[in-house]
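Working notes, beginning with the structure itself.
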Amino acid sequence: MGTKRVLVVGGTGYLGQHLLQGFSEIEGKPYDLAFTHHSNPPQPLLDAISPSLAFHVDLQTGQGFDCISETFGQPHVVVNCAALSVPRACEMDPTAAMATNVPSSLVKWLSSFGENNTLLIHLSTDQVYEGVKSFSTEEDETVPVNVYGKSKVAAEQFICSNCSSFAILRSSIIYGPQTICPVPKSLPIQWIDSVLSRGDEVEFFHDEFRCPVYVKDVVTIILALTRRWISDGKRMQLLLNVGGPDRVSRVQMAKTVATIKGYNTSLIKHVSASSVNRGVISPADISMDISRLVQTLNISPTSFRDGVRLTLKIGSAC
Numbered sequence: 001m002g003t004k005r006v007l008v009v010g011g012t013g014y015l016g017q018h019l020l021q022g023f024s025e026i027e028g029k030p031y032d033l034a035f036t037h038h039s040n041p042p043q044p045l046l047d048a049i050s051p052s053l054a055f056h057v058d059l060q061t062g063q064g065f066d067c068i069s070e071t072f073g074q075p076h077v078v079v080n081c082a083a084l085s086v087p088r089a090c091e092m093d094p095t096a097a098m099a100t101n102v103p104s105s106l107v108k109w110l111s112s113f114g115e116n117n118t119l120l121i122h123l124s125t126d127q128v129y130e131g132v133k134s135f136s137t138e139e140d141e142t143v144p145v146n147v148y149g150k151s152k153v154a155a156e157q158f159i160c161s162n163c164s165s166f167a168i169l170r171s172s173i174i175y176g177p178q179t180i181c182p183v184p185k186s187l188p189i190q191w192i193d194s195v196l197s198r199g200d201e202v203e204f205f206h207d208e209f210r211c212p213v214y215v216k217d218v219v220t221i222i223l224a225l226t227r228r229w230i231s232d233g234k235r236m237q238l239l240l241n242v243g244g245p246d247r248v249s250r251v252q253m254a255k256t257v258a259t260i261k262g263y264n265t266s267l268i269k270h271v272s273a274s275s276v277n278r279g280v281i282s283p284a285d286i287s288m289d290i291s292r293l294v295q296t297l298n299i300s301p302t303s304f305r306d307g308v309r310l311t312l313k314i315g316s317a318c
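Counting from 1, one number per residue, gives the positions in the sequence shown under full-length UniProt numbering.
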C-alpha cells in the first residue's frame with residue numbers, strides 16, 4: 001500500500017499545529033506529513049512533528065503548490081485550515097477575505113492531478129448561519145450576516161461544485177491548550193482566565209450563543225475522516241456541524257472559567273451584544289445541532305466544562 005500522504009494547509013495556525021501534532025503522534029507513523037505556511041515555520045514546530053515537509057504557499061495566487069507536487073506528490077488527504085478568520089478584518093477587506101477563504105487555487109491544484117483520489121477536508125464556520133434560532137442543522141439555509149460568513153458560504157459552494165470528495169466541517173469557536181509554538185491571536189479560555197485573574201470587573205455578552213468545541217475533538221474528527229477515506233476509498237461528500245455539546249453564552253463561558261479557577265463570579269458583568277459596536281455584525285445564536293456528527297463518526301465531543309479544565313491545566317511548551 002505504501003505510506004499515505006497528508007497535507008495540512010495552514011499548518012502554523014492554531015488548529016493546524018494541533019492537527020500536525022495529532023497526526024505525528026499516531027503509533028507507527030502511518031502518514032507522510034507536509035504542511036503549508038505563509039510566514040516562516042517555527043523550528044520547534046518542525047522538531048516536534050518531524051519528519052515532515054514545510055512548503056511556503058500563497059493561497060491567493062497558488063504560488064508554491066507546484067513545489068509540493070514535485071517534492072511530496074499528490075496528497076491522499078488535504079486538510080484546509082487556512083483562512084482569514086477575524087470577522088472584523090474580513091469586513092474591512094472583503095476582497096482579501098474572498099481571495100483567502102475561497103480555496104480556488106488549492107482546488108485548481110488538486111484538479112491538476114487528474115485522478116480524483118484526494119479527499120479535501122475543509123474548515124468552515126458556524127457563522128454561515130443567520131443566528132436567529134438555536135441548534136441549527138446542516139439542512140438549514142445559510143444566511144450569513146457578515147463578510148466572513150459570506151466568504152465561507154462561497155467556499156462551501158465552490159468545493160461542492162468542484163471537488164468529487166470532500167468533508168466540510170462547520171466549526172464553532174475552537175478552544176484548548178496553546179500550540180507547540182504559541183500563536184499570536186489570543187485564545188478564548190486563556191483570555192477569560194487572564195482578565196478574571198486580575199480581579200477587575202469584566203463585561204461579557206449574555207445574549208450571544210455558541211457551541212465551543214475542544215480542539216482535540218476537532219483533531220479526532222479529522223483523523224477519523226482520514227482513516228475512513230483511506231480504508232474505504234469511497235467517494236465522500238459530507239457536511240458536518242462541528243461544535244461541542246453545550247450551547248453557551250459568553251457570560252456562561254466566563255462563569256465556567258471562574259468556577260473552575262475559584263474566581264469571584266460577581267466580577268462578570270452581563271451586557272447585551274447589541275450595546276457594543278465591534279465594526280462587524282455578529283450573529284446572536286449560532287448554536288448547532290451536532291447529531292449528524294455524532295451518528296456519522298460515533299464521536300461524542302467533550303463537554304464545555306471538561307474542555308475548560310483540560311485547557312487550563314496545560315502550560316505552553318515553546
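Backbone N, C-alpha and C define an ideal beta-carbon position, used for all residues, glycine too.
Just so it is clear, the structure is predicted and the values come from calculations on it, not from any experiment.
Option nearest residue i by Cα separation, candidates the options
i	options	result
alanine 290	Tyr129, Pro245, Ser112, Ser165	The residue you asked about is not alanine; residue 290 is isoleucine in the sequence shown. Nearest C-alpha to isoleucine 290: Pro245.
threonine 220	Ile49, Pro301, Val107, Thr137	Pro301
isoleucine 192	Gly233, Val308, Ile68, Leu106	Val308
aspartate 145	Val132, Glu156, Glu138, Phe166	According to the sequence provided, residue 145 is valine. The question's aspartate does not apply to it. That would be Val132, whose Cα lies nearest to the Cα of valine 145.
leucine 84	Asp200, Ile121, Lys152, Ser134	Lys152
glutamine 237	Asn116, Thr12, Phe204, Asp217	Asn116
valine 86	Phe72, Ile286, Asn101	Asn101
valine 128	Thr137, Glu203, Gln295	Thr137
arginine 170	Asn40, Ser69, Asp66, Ile121	Ile121
phenylalanine 204	Met253, Thr142, Ala48, Asn241	Met253
cysteine 160	Gly199, Asp126, Asp140, Val107	Val107
cysteine 211	Pro42, Arg305, Leu225	Arg305
valine 213	Gln21, Tyr31, Leu293, Ser39	Leu293
arginine 247	His206, Ala54, Ala48, Phe55	His206
glycine 262	Arg198, Val57, Arg228, Gly243	Arg198
leucine 20	Ser124, Asp66, Gly64, Cys81	Cys81
phenylalanine 288	Phe135, Thr71, Glu208	Looking at the sequence itself, residue 288 is methionine, so the reference to phenylalanine does not match. Nearest option by C-alpha distance: Phe135.
arginine 88	Ile281, Thr296, Thr311	Ile281
glutamate 139	Leu239, Ser124, Asp58	Leu239
lysine 269	Lys255, Ile260, Arg278	Lys255
alanine 167	Gln190, Ala154, Thr226, Cys181	Thr226
Endpoints, alpha helix (DSSP H) assigned at residue i
i	result
valine 219	215-232
histidine 18	14-24
glutamine 295	291-297
glutamine 252	250-261
arginine 247	Careful: arginine 247 lies outside any alpha helix (DSSP H) and carries neither H nor E.
cysteine 160	147-162
asparagine 101	94-101
glycine 307	304-313
threonine 71	65-71
lysine 108	104-111
DSSP beta-bridge partners of residue i
i	result
glutamate 203	Lys269
alanine 54	Phe35
leucine 238	Ala167
arginine 210	Val248
Buried versus exposed call for residue i [16 or more other C-beta atoms within 10 Å across all chains shown]
i	result
valine 6	buried
glycine 28	exposed
glycine 114	exposed
valine 251	buried
threonine 61	exposed
glycine 16	buried
methionine 1	Here the model assigns methionine 1 a pLDDT of 47, short of 50, so the residue's position is not dependable and the matter cannot be decided.
valine 276	exposed
asparagine 40	exposed
lysine 234	exposed
serine 249	buried
asparagine 298	exposed
glycine 176	buried
cysteine 318	Note that cysteine 318 has pLDDT 42, beneath the 50 cutoff, so the model's placement of it is unreliable and no number is given.
Host beta strand (DSSP E) of residue i (start-end)
i	result
alanine 34	31-37
threonine 125	119-125
alanine 82	From DSSP, alanine 82 is part of no beta strand (DSSP E); its letter is neither H nor E.
lysine 4	4-9
Close beta carbons around residue i, own chain, < 7 Å, minus the five adjacent residues each side
i	result
valine 147	Cys90, Glu91, Pro94, Ala97
lysine 150	Pro144
residue 320	Any answer about residue 320 is impossible in this case: the structure gives the chain only from 1 up to 318.
glutamate 208	Ser249, Arg250, Ala273, Ser282, Ala284
Contacting residues, own chain, Cβ-Cβ under 8 Å from residue i (five flanking each side not counted)
i	result
threonine 118	Gln74, Pro75, His76, Val77, Val78, Leu110, Ser165
tyrosine 14	Ile174, Thr179, Val183, Lys185, Leu187, Val215
leucine 223	Gly22, Phe23, Ile26
serine 231	none
valine 271	Glu203, Phe204, Phe205, His206
leucine 267	Leu196, Gly199, Asp200, Glu201, Val202, Ala258
Own chain residues within Cβ distance below 6 Å of residue i, not counting five before or after
i	result
alanine 258	Leu196, Thr265
aspartate 217	Pro301, Thr302
tyrosine 31	Lys4, Val6, Phe23
lysine 313	none
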